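Protein chains: 2
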Amino acid sequence: MQHKTLIELINSEPSHHEITVRGWVRSFRSNRFIALNDGSTIKTLQCVVDFENFEEEILKKITIGAAVQITGILVESQGQGQTVELQVSKVKVLGEADPEEVKLTILSPKRHTLEKLREQAHLRVRTNTFGAVMRTRSKLAFAIHEYFHKNGFFYMHAPIITGSDAEGAGEMFHVTALDAKNPPLTKDGKIDYKEDFFEKETNLTVSGQLEAETYAMALGKVYTFGPTFRAENSNTSRHLAEFWMIEPEVAFNDLDANMDLAEDFIKYVIKYALDNCADDLEFLENRLLEEEKSKPQDERSAMKLREKLQFVLENNFKRVSYTEAIDILKNSNPNKKKKFKYIIEEWGADLQSEHERFLVEKHFKCPVILFDYPAKIKAFYMRLNDDGKTVRAMDVLFPGIGEIVGGSQREERYDVLKEKMEAMDISAEELYWYLDLRKFGTATHSGFGLGFERLVQFATGMGNIRDVIPYPRTPGNAEF
Amino acid sequence: MQHKTLIELINSEPSHHEITVRGWVRSFRSNRFIALNDGSTIKTLQCVVDFENFEEEILKKITIGAAVQITGILVESQGQGQTVELQVSKVKVLGEADPEEVKLTILSPKRHTLEKLREQAHLRVRTNTFGAVMRTRSKLAFAIHEYFHKNGFFYMHAPIITGSDAEGAGEMFHVTALDAKNPPLTKDGKIDYKEDFFEKETNLTVSGQLEAETYAMALGKVYTFGPTFRAENSNTSRHLAEFWMIEPEVAFNDLDANMDLAEDFIKYVIKYALDNCADDLEFLENRLLEEEKSKPQDERSAMKLREKLQFVLENNFKRVSYTEAIDILKNSNPNKKKKFKYIIEEWGADLQSEHERFLVEKHFKCPVILFDYPAKIKAFYMRLNDDGKTVRAMDVLFPGIGEIVGGSQREERYDVLKEKMEAMDISAEELYWYLDLRKFGTATHSGFGLGFERLVQFATGMGNIRDVIPYPRTPGNAEF
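These protein sequence lines are chains W and C, in that order.
Here our numbering is used: the first residue of the first sequence is 1, the next is one more, and so on.
Here our numbering is used: the first residue of the second sequence is 481, the next is one more, and so on.
In structure tokens:
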């Protein structure tokens, strides 16, 4: 007897052999039609029960959420919406689901808000929406690994616990094995981290970039794909305290090559999703249409989900310097009419989400790569241009989502980097190893960071970042 | 002009077109032969300089470790050991490497101990040994993702920061955003974690298994591949405080299916390494032979590295119950002659590495899967057998390395699980969500954990686990 998953069966030909399937009951209509799902696909297999030949005791246990094993013959479907169905000869209830208990959970067959689903994150993945999101998330992750491996990159695991807090990319979580109530103290009354596990103060990483650079300068092309952390109290639909980031880093790439890589990479993974998640994306597209019905017309998406993904594939990302962008924004209607919350007054201003979205959605109407930002608003490791005031930074901006990628060409000149670190109060002593890369065979190199959850949001159309990661970590929230 | 990586060129045909390559100088002999490496392969490209036509100034800068861009024509090689070489027309030194400074680092061309290399972990990946290890590590990681995706698994990111410390799998690191010096206190003088970022005490995960189970019971087949942490003060060559773990979890799989999966999976990734890392494994095999020359004959490996990998592919893993294994051990020579450090006296004893290695290396002479362990020495979530004293646990034991996989069929019966949690003092309140899986459509399911670094050690022959991860975290060590 074969055990097959539904994804293997649903698009197959009727076999007329006896097969056994296992999964969970999604519905049971008229004591006759079981809609079975096993998580391998969003689709259900219709299993047709000849109820007169089944014991009442068993039929009563076939309830929503129950785990069952069903044996039968795969035949042409009589109903609509499926090509095959299972003519059931035997049902074994593996695990019941008491309807009275189910009623108290999100498994009950009625509309639940996304907030409510979040509270039962251990069960929400059994819903169509979250099944579709998490399958798509998985496929996107694989597409990322596949892209890089096909293109000669090496996957590098950057450390999660770091003794370095020199980057200044954000607030960090402390990691310690000390007894918080009675930490050992030094003579002058400070916490004695020499007594801690790592014999120094340690934090959770905010980025694997600096370590990835050390590997790029040896293996040529590398990428990280791992969790990163921010201890910022941002209780928004765009921020997580724990999120996954992809950071490619390439020796000998300048900023133009870096832009080429970002565009090619994003297009590859989006194409992969369109090709490999068709059923899930169709469902998510309809879900989004439904959700947006309650919004005023002008807040609805201009394009359907898959149209938007296709649009990204088919258009070149428009490359625009920061200086050009500031000119466009200064002369824009929302700026002149003071519709922006932050009015753009002069060169040097940091761009807010509203400005980025204006550029992408209203002005250029396509993904945009901004580059050559003012040095003052960017990190210490970005390469200084000859003008002495801009750096070789780039941000990729996407419709609906704003910044999806941030990257730069790195400062490869020892003296320039050291001077900048001093000016920005970053310890050269602590980052001696980072400076070493500029001492021994330095070369032009570039990379970028892509927030994985932002990508999943874009691909699935989910509005809240908490709904695209299994167990979101946000202020006040570390359940499960 | 094309920019190609060495891996694309070295096995290609002579092109007789002008090409440009970039990389780092490994050696420069007789002012004529540059051995160039760019990290894409362990091999170097021989670049032949007609020194009479080059400026002395440039030639002087072509030193070990320097980054260079070389233009020339790819021709049949005159020398041995390569099919093509580059007839150089132009050399551009991108980044120098001062020989006096190089001399002070592990980049200097002499033998350095692995300990010494570890201290300069940001540079060690530029050596042949670590380049080979890290490229192999990357390929193994990809093979893992590929295997699961080909087989219908979904990749699931388990949370890193967890509010649950219920598993008891090991000592945990605390994660906090509180000021360690002046933490807020409750009225009765305890740390007030309500004031912390997550409003509760949080730790770094020791395993994603429990969360993976929640996803398996919805999506069917899932796996995690992420970092896990142990705050145990184990300063050995087998332990890391931060390591990467792979944890597949499959609904409807019993322990036999779990064993099949583990064996099939391990064979797939090892075959992938043999097929895709030939040059690196050849180098590592020779390195190991060299290293073992200093060992007494009887401590040397019985097989060469690739023979050992091939051996795992070609042999069925021997499946042996714990009870059988105890009988074998009790009657073994080292037990009778008291050569074991821990003498096996009776059923119920926990097996030590020496016992595992005896079974694998001396008795069965092949990989072994032990199963049905005493309940008392295993975790609360493993399924109790009808004998009431053993559980459906399994460990896969490998030659030279001992346990590489630990897994089990999970206890799917609500009452049995609850009773066991109570007996083992595990909070049912805190793990309500884990119990919920047994309340709503429970079913047989199984999974296992594979320590990624152990696998990389096995595949590369590296004796110390600190040498198979870019930046090892161990007691007293969180550099870089």
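The C-beta atom is built at its ideal place from N, Cα and C for all residues, glycine as well.
Nothing here was measured: the structure is a model prediction, and the numbers come from that model.
query	result
Closest residue to alanine 257(W) among Glu201(W), Gly407(W), Gln46(W) (Cα-Cα distance)	Gly407(W)
Limits of the unbroken beta strand (DSSP E) element including glutamine 87(W)	84-95
Proximal residues of chain W, C-beta to C-beta of arginine 502(C) below 8 Å	Ala251, Phe252, Ala443
Chain-order list of residues whose beta-carbon lies under 6 Å from that of proline 183(W) (same chain, five-residue window excluded)	Ile191
Span of the alpha helix (DSSP H), counted from its first residue to its last, around lysine 869(C)	That residue, lysine 869(C), is in no alpha helix (DSSP H); it is neither H nor E in DSSP.
Option nearest alanine 144(W) by Cα separation, candidates Thr224(W), Ile404(W), Leu240(W)	For the record, residue 144(W) in the displayed sequence is isoleucine; it is not alanine. The residue with the shortest Cα to Cα distance from isoleucine 144(W) is Thr224(W).
Euclidean distance between Cα positions of leucine 397(W) and leucine 525(C)	40 Å
Where serine 138(W) sits in the DSSP three-state scheme	helix
Alpha-carbon to alpha-carbon, serine 801(C) and cysteine 846(C)	15 Å
Host beta strand (DSSP E) of threonine 71(W) (start-end)	67-76
Extent of the continuous beta strand (DSSP E) run through arginine 918(C)	It is not in any beta strand (DSSP E) - arginine 918(C) carries neither H nor E in the DSSP assignment.
Any chain C beta carbon closer than 7 Å to alanine 212(W)	no
Members of the segment 141-173 of chain W that neighbour chain C once the beta carbon cut-off is set at 9 Å	Ala141, Phe142, His145, Glu146, Phe148, His149, Gly152, Phe153, Phe154, Tyr155, Met156, His157, Ala158, Pro159, Ile160, Ile161, Thr162, Gly163, Ser164, Glu171, Met172, Phe173
Chain W within 7 Å of valine 655(C), Cβ atoms only	yes
Beta-carbon proximity of glutamate 836(C) to phenylalanine 797(C), cut-off 7 Å	no
Integer Cβ distance of isoleucine 456(C) from glutamate 498(C), believed to fall under 8 Å	No statement about residue 456(C) is possible, as the shown extent of chain C runs from 481 to 960 and does not include it.
Proximal residues of chain W, C-beta to C-beta of aspartate 518(C) below 8 Å	Gly220, Ala251
Check: lysine 439(W) C-beta below 6 Å from any heavy atom of the ligand ATP	The model depicted lacks the ligand ATP and carries no ligand whatsoever.
Cβ neighbours of glutamate 691(C) in the same chain (closer than 6 Å, five flanking residues each side left out)	Ala638
N- and C-terminal bounds of the alpha helix (DSSP H) containing glutamine 937(C)	932-940
Through-space distance from isoleucine 270(W) to methionine 463(W), alpha-carbon basis	It should be pointed out that residue 463(W) corresponds to glycine in this sequence rather than to methionine. So the alpha carbons of these two residues sit roughly 18 Å apart.
In chain order, each alpha helix (DSSP H) run of at least 4 residues that lies wholly inside the segment 260-326 of chain W	278-292, 305-314
Interfacial residues, the segment 115-144 of chain W to chain C, with Cβ spacing under 9 Å	Gln120, Ala121, His122, Leu123, Arg124, Val125, Arg126, Thr127, Phe130, Gly131, Met134, Arg135, Arg137, Ser138, Lys139, Ala141, Phe142
Near-chain W residues of the segment 554-584 of chain C (beta-carbon distance less than 8 Å), N- to C-terminal order	Leu574, Gly575, Glu576, Ala577, Asp578, Glu581, Val582
Residue-chain proximity (proline 184(W), chain C), Cβ-Cβ < 7 Å	no
Length at least 3, wholly inside the segment 129-215 of chain W: the beta strand (DSSP E) runs in chain order	174-176, 202-204
Touching by the beta-carbon criterion (3+ pairs, under 8 Å), the segment 699-716 of chain C and the segment 650-659 of chain C	yes
Closer than 7 Å at the beta carbon, the chain C residues around leucine 9(W)	Chain C residues near leucine 9(W): none, gap ~12 Å exceeds 7 Å.
Buried versus exposed call for methionine 481(C) [16 or more other C-beta atoms within 10 Å across all chains shown]	In this prediction, methionine 481(C) has a pLDDT of 46, which is less than 50 and means its spatial position is unreliable; what the coordinates show is noted afterwards. Exposed is the call here.
Chain W contact for isoleucine 945(C) (CB, 7 Å cutoff)	no
Touch test, the segment 32-40 of chain W against the segment 48-62 of chain W, Cβ-Cβ under 8 Å, three pairs minimum	yes
Distance CB(leucine 284(W))-CB(glycine 81(W)) smaller than 7 Å	no
Test: lysine 661(C) CB closer than 7 Å to a CB of chain W	yes
Cβ distance (whole Å) where glutamate 101(W) is taken to contact lysine 821(C) below 8 Å	Actually they are not in contact, since the Cβ atoms of glutamate 101(W) and lysine 821(C) sit about 52 Å apart, beyond 8 Å.
Partner residues on chain A for threonine 485(C), Cβ-Cβ distance less than 9 Å	Among the protein chains in the structure shown, which are W and C, there is no chain A.
CB-CB length for serine 30(W) against glycine 700(C), believed under 8 Å	Not quite, the Cβ-Cβ distance comes to about 27 Å (not below 8 Å), so this is no contact.
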